[in-house]
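J.: One structure follows; several queries about it will come next.
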Amino acid sequence: MDLSEYEYFRFSFRRTVIKNLFWTDQEGNTMAEKESSVGKWQKEFFENIHLFKRSGMTEEEAKKILQKFLHLSSITPMPPVMEVFKEPNLLETVGVYTSPEQRSREFMMEFLSPIMKQFTVEGVDNLKAIKPLIGKYPITLISNHLSHLDAPAIFHQLYNCSSEGKSIAEQLVFIAGRLAYEPDFTRLGLYMFGTLLVCSKRDMADNPSLSDVMTKINMRAFRHSQKLQSEGKIVAIFPEGTRSRDGRLMPFVETVYHYVANKVIIPISLEKTDKILPTTSLLFNQVNGKLVIGKPVLVGELSRRQMESFPKEVEQLQFPEHGDKKQFLIDNLALLVGSNLNKHQHGTYRNLYKGSVSGKNILIKIPKEPEEKIVVIGASSMSIAVSTLLANKDIMVYLYHPDQTYTEQCNTERRELKYYPLYKLPPNLVFTSDPDVLKTATLFIQGTNPWELVDVYPEIQPYLNRNKAPFFNVIKGFTSTGLILDEVQNAFGLEDDRLGVIAGACYPDQIMERKISGFEIAASNETLISRVQKLFTNGYIFPRPARIPTDVKGVQLGGALKTIYALAMGIVEGYFTQTFGGNVDNSLFHLSNRFFTEMTAIGAKMGGQSETFLGLSGLTDFMLSCFGTDAKDRKTGYDIAYGSPSERMSNGFYGLKVMPNLMRITAENTPVLAAAYEVVINKKNVNEIIEMLEGRLARI
Numbered sequence: 001m002d003l004s005e006y007e008y009f010r011f012s013f014r015r016t017v018i019k020n021l022f023w024t025d026q027e028g029n030t031m032a033e034k035e036s037s038v039g040k041w042q043k044e045f046f047e048n049i050h051l052f053k054r055s056g057m058t059e060e061e062a063k064k065i066l067q068k069f070l071h072l073s074s075i076t077p078m079p080p081v082m083e084v085f086k087e088p089n090l091l092e093t094v095g096v097y098t099s100p101e102q103r104s105r106e107f108m109m110e111f112l113s114p115i116m117k118q119f120t121v122e123g124v125d126n127l128k129a130i131k132p133l134i135g136k137y138p139i140t141l142i143s144n145h146l147s148h149l150d151a152p153a154i155f156h157q158l159y160n161c162s163s164e165g166k167s168i169a170e171q172l173v174f175i176a177g178r179l180a181y182e183p184d185f186t187r188l189g190l191y192m193f194g195t196l197l198v199c200s201k202r203d204m205a206d207n208p209s210l211s212d213v214m215t216k217i218n219m220r221a222f223r224h225s226q227k228l229q230s231e232g233k234i235v236a237i238f239p240e241g242t243r244s245r246d247g248r249l250m251p252f253v254e255t256v257y258h259y260v261a262n263k264v265i266i267p268i269s270l271e272k273t274d275k276i277l278p279t280t281s282l283l284f285n286q287v288n289g290k291l292v293i294g295k296p297v298l299v300g301e302l303s304r305r306q307m308e309s310f311p312k313e314v315e316q317l318q319f320p321e322h323g324d325k326k327q328f329l330i331d332n333l334a335l336l337v338g339s340n341l342n343k344h345q346h347g348t349y350r351n352l353y354k355g356s357v358s359g360k361n362i363l364i365k366i367p368k369e370p371e372e373k374i375v376v377i378g379a380s381s382m383s384i385a386v387s388t389l390l391a392n393k394d395i396m397v398y399l400y401h402p403d404q405t406y407t408e409q410c411n412t413e414r415r416e417l418k419y420y421p422l423y424k425l426p427p428n429l430v431f432t433s434d435p436d437v438l439k440t441a442t443l444f445i446q447g448t449n450p451w452e453l454v455d456v457y458p459e460i461q462p463y464l465n466r467n468k469a470p471f472f473n474v475i476k477g478f479t480s481t482g483l484i485l486d487e488v489q490n491a492f493g494l495e496d497d498r499l500g501v502i503a504g505a506c507y508p509d510q511i512m513e514r515k516i517s518g519f520e521i522a523a524s525n526e527t528l529i530s531r532v533q534k535l536f537t538n539g540y541i542f543p544r545p546a547r548i549p550t551d552v553k554g555v556q557l558g559g560a561l562k563t564i565y566a567l568a569m570g571i572v573e574g575y576f577t578q579t580f581g582g583n584v585d586n587s588l589f590h591l592s593n594r595f596f597t598e599m600t601a602i603g604a605k606m607g608g609q610s611e612t613f614l615g616l617s618g619l620t621d622f623m624l625s626c627f628g629t630d631a632k633d634r635k636t637g638y639d640i641a642y643g644s645p646s647e648r649m650s651n652g653f654y655g656l657k658v659m660p661n662l663m664r665i666t667a668e669n670t671p672v673l674a675a676a677y678e679v680v681i682n683k684k685n686v687n688e689i690i691e692m693l694e695g696r697l698a699r700i
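Rendered as structure tokens:
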């Protein structure tokens with residue numbers, strides 16, 4: 001449990017409010033009795049009276065409980081363990097454990113009941129399997145972390161849900177960070193149960209002078225946790241290490257490993273505790289939240305004697321014989337918690353669940369008999385996103401890249417390290433640098449950026465010639481000689497009926513986030529489209545055939561050309577914003593029609609069919625790239641206009657650079673393209689080129 005600087009200020013201010021409320025003047029009148037002196041923050045807090053009245057209290061009862069909350073918050077002392085930071089020598093005598101305080105527990109149970117009236121508890125029956133384990137085996141409770149109220153909420157809900165829940169709640173000892181003790185509000189809640197003080201890595205980094213004592217505190221906390229567990233206590237920990245600011249599950253931290261390895265785990269999943277008290281308000285909310293109690297799981301093994309008596313019906317998660325055992329354990333703990341969360345809360349772990357199943361959390365598994373063996377060639381943001389969405393099917397996906405160090409590291413950590421280090425990847429997605437994987441592929445997906453083709457393809461040419469599996473491209477942009485499929489086909493002699501393209505208006509980042517997106521598909525052999533469409537379809541991706549299903553060139557051109565025109569639009573936006581300030585939507589949307597008209601004309605001259613440019617890969621993708629908040633090429637153009645071009649290569653920049661190899665660029669026939677080339681490649685003055693473009697557009 002940690003506090004941001006803003007929240008710490010808010011709680012410190014709240015402490016001042018509390019003290020002012022109970023300050024007494026010379027006539028013996030408290031500030032609370034002098035309404036004219038009560039500031040807006042005090043008034044806002046007492047607006048909570050309506051919540052308590054809705055729960056059945058009289059106005060006097062509601063006012064009394066709010067006043068008592070403020071009073072207890074102000075007089076609840078800092079626990080002795082906090083003195084260690086002032087006098088490190090006290091650690092040996094004071095220790096790191098703080099006992100519960102009965103008065104605080106009783107009051108907080110009363111205070112939280114109206115607030116949590118609409119909360120529900122699921123999985124209560126699982127408590128019956130947990131209760132017999134208490135005192136016999138070491139038990140750790142884990143939960144996702146949304147709010148400062150999580151620990152009190154867990155205690156409150158368990159305590160009230162059943163007799164077994166009450167027994168378990170009374171044994172809880174929560175791991176708590178240093179900053180959680182300091183504000184009065186959170187400290188009052190922490191006295192409901194026992195706590196063990198720990199210090200996070202961030203706290204240690206922010207306070208280097210205290211790092212030695214913090215290290216000793218953490219070591220002592222772990223030893224004390226083992227002692228408490230041997231006495232029948234249940235250690236409770238939030239493995240994310242801090243609160244999630246958006247409600248989504250974050251990566252579990254390594255430091256929880258020793259608290260959970262070779263222990264019985266009680267997984268708890270929380271929803272909407274963060275809505276009870278928003279960080280920007282002093283008003284509590286009644287929300288339809290939920291606490292789900294998972295089945296107990298033994299993680300690792302106990303001693304031989306303990307294993308002899310351990311109940312066979314309790315599931316056991318055993319360590320793998322090979323690989324990173326710590327990472328395996330941490331990831332599986334996240335799945336225990338995430339399996340009972342709403343799919344929108346899965347966060348870092350969202351791509352480990354089937355995206356095509358609504359209402360259920362079903363983990364993706366390695367299929368015993370894969371329906372397809374798809375090889376994705378190259379490591380780009382889009383190839384990673386496409387590989388991840390394909391893994392929703394009962395297939396094996398192999399991402400080939402010649403860099404062995406890269407592929408091995410991605411496999412070991414089960415995440416892609418360059419583009420998406422935040423997301424855990426499904427088990428049926430395997431990274432490999434071994435070209436032999438191409439021998440038995442049933443489908444090839446071209447996912448290499450155009451400027452990286454020379455680094456990826458030379459070694460795999462013989463495999464592509466021998467294996468006649470279909471070959472579909474998902475990358476937008478031009479190579480130095482033309483379109484990506486054309487270059488690969490010419491270099492390797494691939495047959496026409498194997499070739500296809502998948503394109504649309506979608507960011508790979510948002511595919512990874514499982515936001516609704518779509519593609520359109522074109523193929524020389526039209527019979528391949530339904531097969532590819534089925535593979536790419538799930539609960540958040542909805543592909544369809546292109547307007548002209550066999551116009552492979554047109555679909556490619558739409559995606560390739562729009563990157564250049566998005567770059568140009570970014571330059572225009574940057575120029576007008578810098579020159580005139582404020583909103584420049586009039587200019588951008590007026591010019592978008594001119595830009596798209598020119599783009600379509602060029603596409604038709606280069607071999608695409610005009611109707612194709614009205615589809616997802618044409619007009620829709622053009623609009624997303626020119627006006628989308630995350631459009632990389634638009635951002636690149638914007639930065640160029642401001643004189644700070646990005647050092648990272650973009651598809652639009654590379655495409656613009658090679659355009660003279662593909663067609664004749666003139667200010668008369670292609671004024672937008674010509675202007676962009678002058679600014680980006682020839683480094684001409686932006687002001688002069690924009691003025692020239694304005695004059696040219698007026699005469700089109």
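Following full-length UniProt numbering, the numbering of the sequence shown begins with 1 at its first residue and continues without gaps.
Every residue, glycine too, gets a C-beta built ideally from N, C-alpha and C.
Computed from a prediction, not measured in an experiment: that's the story for all the values here.
Which residues does DSSP pair with Gln-316 in a beta bridge?
T.: Leu-298
J.: Report yes or no: do the stretch 375-383 and the stretch 451-466 share at least 3 C-beta pairs separated by less than 8 Å?
T.: Taking a cut-off of 8 Å on C-beta distances, the stretch 375-383 touches the stretch 451-466, as three or more cross pairs fall below it.
J.: Keeping to the same chain, check which residues put their C-beta closer than 7 Å to that of Gly-28; ignore five residues upstream and five downstream.
T.: Caution applies to Gly-28, whose pLDDT of 44 falls short of 50 and renders its modelled position unreliable; the value that the coordinates give is listed next. So the list is empty, once near-sequence residues are dropped.
J.: What does a CB cutoff of less than 7 Å around Ser-55 pick up in its chain, not counting 5 residues either side in sequence?
T.: Pro-114, Lys-117
J.: Enumerated in chain order, which unbroken segments of the beta strand (DSSP E) with a length of 3 residues or greater are wholly contained in the stretch 508-579?
T.: 520-523
J.: Which ranges would you report for the alpha helix (DSSP H) in the stretch 478-511 if only whole runs of at least 4 residues count?
T.: 484-492
J.: If Gly-165 and Leu-158 are in contact, beta carbons under 8 Å, what's the gap, nearest whole angstrom?
T.: 4 Å
J.: Cβ of Gly-294 within 9 Å of Cβ of Val-337?
T.: Yes.
J.: With a threshold of 16 other CB atoms inside 10 Å of the CB of Ser-147, please say whether the residue is buried or exposed.
T.: buried
J.: Do Ala-523 and Val-488 come within 9 Å of each other at the CB atom, strictly closer than that value?
T.: It is not a contact, given that the beta carbons lie outside the stated cut-off.
J.: Spatial neighbours of Gln-345 within its chain, please: CB distance less than 8 Å, with the 5 preceding and 5 following residues excluded, ordered by chain position.
T.: Asn-144, Gly-247, Arg-248, Leu-249, Glu-271, Gly-338
J.: Considering Val-658, what are the terminal residues of the alpha helix (DSSP H) in which it resides?
T.: 651-662
J.: So Met-396 and Pro-370 are supposed to be a Cβ contact under 8 Å. How far apart are they, rounded?
T.: Separation of the CB atoms of Met-396 and Pro-370 is rounded to 4 Å, and the pair is thereby assigned contact status at 8 Å.
J.: How is the alpha helix (DSSP H) around Gly-637 delimited, first residue to last?
T.: 632-641
J.: Which one of Ile-484, Ala-546, Thr-442, Gly-355 has the shortest CA to CA distance from Asn-467?
T.: Thr-442
J.: Beta strand (DSSP E) containing Ile-130: first to last residue?
T.: That residue, Ile-130, is in no beta strand (DSSP E); its alpha helix (DSSP H) goes 126-130.
J.: What do you get for Ser-356, buried or exposed, if any count of 16 or more other CB atoms within 10 angstroms of its CB means buried?
T.: Under this definition Ser-356 is an exposed residue.
J.: Excluding the 5 residues preceding and the 5 following His-156 in the sequence, name in chain order all residues of the same chain whose CB lies nearer than 7 Å to its CB.
T.: Answer for His-156: Met-109, Leu-112, Met-116, listed in chain order.
J.: Near Phe-595, what residues of its chain come up, given a Cβ to Cβ distance below 6 Å and the 5 sequence neighbours on each side ignored?
T.: The residues are Tyr-565, Val-672.
J.: Are at least three pairs of beta-carbons, each pair with one atom in the stretch 527-536 and one in the stretch 593-609, less than 8 Å apart?
T.: no
J.: Taking its Cβ as the centre, do 16 or more other Cβ atoms sit within 10 Å of Lys-562, making it buried, or is it exposed?
T.: buried
J.: Quick check on this structure: which residue in Asn-48, Met-82, Pro-77, Pro-79 has the alpha carbon closest to the alpha carbon of Gln-67?
T.: Asn-48
J.: I'd like the span of the beta strand (DSSP E) that includes Ser-269, first residue to last.
T.: 263-271
J.: Expressed to the nearest angstrom, what Euclidean distance is found between the alpha-carbon atoms of Asp-496 and Ile-460?
T.: 19 Å
J.: Measuring alpha carbon to alpha carbon, tell me which residue in Val-572, Arg-547, Arg-105, Asn-586 is nearest Ser-610.
T.: Arg-547
J.: Given that a residue counts as buried once 16 or more other Cβ atoms are within 10 Å of its Cβ, and exposed if not, what is Lys-418?
T.: exposed
J.: Does the Cβ of Phe-589 have 16 or more other Cβ atoms within 10 Å, making it buried, or fewer, making it exposed?
T.: exposed
J.: With Ala-675 as the anchor, note down where its alpha helix (DSSP H) starts and where it stops.
T.: Per DSSP, Ala-675 belongs to the alpha helix (DSSP H) from 671-680.
J.: Taking Gly-165 as part of the beta strand (DSSP E), name the residues at either end of that continuous run.
T.: Where Gly-165 is concerned, there is no enclosing beta strand (DSSP E), although the alpha helix (DSSP H) it sits in stretches over 163-169.
J.: Looking only at its chain, what residues have a beta carbon closer than 7 Å to the beta carbon of Gly-447, apart from the 5 residues adjacent to it on each side?
T.: Val-376, Ile-377, Gly-378, Ser-380, Met-382, Ser-383, Val-386, Val-474, Ile-475
J.: Taking the alpha carbon of Leu-616 as the reference point, which residue from Met-82, Glu-59, Ser-244, Pro-549 has its own alpha carbon closest?
T.: Pro-549
J.: Whole-angstrom Cβ separation of Pro-470 and Leu-528, contact assumed at under 8 Å?
T.: 5 Å
J.: Report the rounded CA-to-CA distance for Leu-429 versus Arg-415, giving the unit in angstroms.
T.: 10 Å
J.: Look at the alpha carbon of Trp-23 and the alpha carbon of Phe-69, and state the distance between them as a whole number of angstroms.
T.: Low confidence applies to Trp-23: its pLDDT is 40, below 50, so where it sits in the model is not reliable enough to give any reading.
J.: Restricting to Cα atoms, I'd like to know which of Lys-393, Arg-187, Gly-347, Val-572 is closest to Lys-354.
T.: Lys-393
J.: Looking only at C-alpha atoms, which of Pro-545, Gly-554, Phe-519 sits nearest to Ile-484?
T.: Gly-554
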